[in-house]
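Note sheet for the following structure.
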Amino acid sequence: HETEQIKRLRNLIPGADTEPISKGMLPAGMEGLLRNELEQLLGSHGFSTTGRVRGMYVYPKGVFMRFGSSGLYFPWTGEGHVDAGLHPLQKPLVLAHELSHGYGFGDEGSCNFLAYLSTIQSDDPVVAYAGHLSYWRTLAANYRHYEPEKYREFRESLPLGIQADLDAINEVLLRYPDFFPHFRYAAYEAYLRAQGIEEGMLNYDRVIMLAHAWRKSQRI
464 HETEQIKRLR
474 NLIPGADTEP
484 ISKGMLPAGM
494 EGLLRNELEQ
504 LLGSHGFSTT
514 GRVRGMYVYP
524 KGVFMRFGSS
534 GLYFPWTGEG
544 HVDAGLHPLQ
554 KPLVLAHELS
564 HGYGFGDEGS
574 CNFLAYLSTI
584 QSDDPVVAYA
594 GHLSYWRTLA
604 ANYRHYEPEK
614 YREFRESLPL
624 GIQADLDAIN
634 EVLLRYPDFF
644 PHFRYAAYEA
654 YLRAQGIEEG
664 MLNYDRVIML
674 AHAWRKSQRI
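To get the numbering used here, take the position in the sequence shown, counting from 1, and add 463.
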């Protein structure tokens, strides 16, 4: 399903070819667009969206990625902060994730799920493509772990434009490697557990279970 969606949506993006999607293809006013998408989603399920949660980019580039993160929500200011060094296709979902924290969701998996839904339901093809591609990469990472050779063959069968996007995202991630991956993992694992998230870092991948349950409920 996700593979067909990313193929379909990329073909809808004006100017998209075999080159990676660029920053200039992102919609203007993306913060407001994503906030509206998220508020509509939450409101349709009876959640309050009081206030005006903000989301902004943080410099220098790589400031979060160097510590194994993409963004951070500051509850004292009501602002989500996103690493400006992320690839353009990573930014919509990460920004929506941080905005989700601002509307009262502390669970990382839930914020990933809300970010996924709010992006894929957008009328903007780049935002919708970015949301589906982010989730596709989560699924692909699990598939690659268990079936590396089959994953390689499958990836090489993708349209050249999608392969270029995946390569470009990987290049950005390699540009800002984690300084202390083992320490960061242990510290953040302890932090999440202290917040009542029993599965720790594994909580991020709860989006897979939530998305699967949502699809079944929607009969997709």
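Glycine included, each C-beta is placed from N, C-alpha and C at the ideal position.
Span of the alpha helix (DSSP H) around residue i
| i | result |
| --- | --- |
| G565 | K554 to G565 |
| G525 | Premise fails: G525 is in no alpha helix (DSSP H) and is neither H nor E. |
| D641 | Counting along the chain, D641 falls outside any alpha helix (DSSP H), and DSSP gives it neither H nor E. |
| Q584 | Neither: Q584 is in no alpha helix (DSSP H) and is coded neither H nor E. |
| R678 | R669 to Q681 |
| F617 | P611 to E619 |
| I469 | E465 to L475 |
With 16 other Cβ atoms within 10 Å as the buried cut-off, status of residue i
| i | result |
| --- | --- |
| Q553 | buried |
| Y536 | buried |
| H564 | buried |
| F646 | With a pLDDT of only 47 at F646, under the threshold of 50, the placement of this residue in the model should not be trusted; the figure read from the coordinates follows. F646 should be labelled exposed. |
| L637 | exposed |
| D587 | buried |
| M672 | exposed |
| L501 | buried |
| N666 | Bear in mind that the predicted position of N666 carries a pLDDT of just 49, short of 50, making it unreliable; the figure below should be weighed with that in mind. That one is buried. |
| P622 | exposed |
| D546 | buried |
| L655 | With a pLDDT of only 49 at L655, under the threshold of 50, the placement of this residue in the model should not be trusted, and no figure is reported. |
| R678 | exposed |
| A674 | buried |
| D570 | buried |
| G620 | Residue identity check: residue 620 is Ser in the sequence provided, not Gly. Per the 10 Å Cβ criterion, exposed. |
| S511 | exposed |
| S507 | exposed |
Residue i: first and last residue of the uninterrupted beta strand (DSSP E) it sits in
| i | result |
| --- | --- |
| V545 | E542 to D546 |
| F568 | Premise fails: F568 is in no beta strand (DSSP E) and is neither H nor E. |
| G534 | G534 to F537 |
From the options, residue whose alpha carbon lies closest to that of residue i
| i | options | result |
| --- | --- | --- |
| A627 | L475, T466 and D480 | D480 |
| G478 | L562, L504, W539 and V589 | V589 |
| G594 | A578, Y639 and S680 | A578 |
| H560 | S585, L596, P551 and S581 | S581 |
| P555 | Q584, R529 and W539 | Q584 |
| V635 | T513, L549, V521 and F527 | L549 |
| F576 | F617, L504, E616 and V521 | L504 |
| E465 | I625, T512, N633 and S680 | I625 |
Test item: CB-CB of residue i and residue j under 7 Å
| i | j | result |
| --- | --- | --- |
| R669 | G567 | no |
| G518 | G543 | yes |
| I476 | W599 | no |
| S533 | V516 | no |
| A591 | L472 | yes |
| A604 | P483 | no |
| Y639 | M528 | yes |
| R498 | L562 | yes |
| R531 | D641 | The sequence shown places Gly at residue 531, rather than the Arg named in the question. For G531 and D641, yes; Cβs fall inside 7 Å. |
Item to check | Given 8 Å, three or more beta-carbon pairs between the region 606 to 615 and the region 484 to 503 | outcome: No: the two stretches stay apart, fewer than three of their Cβ pairs being nearer than 8 Å.
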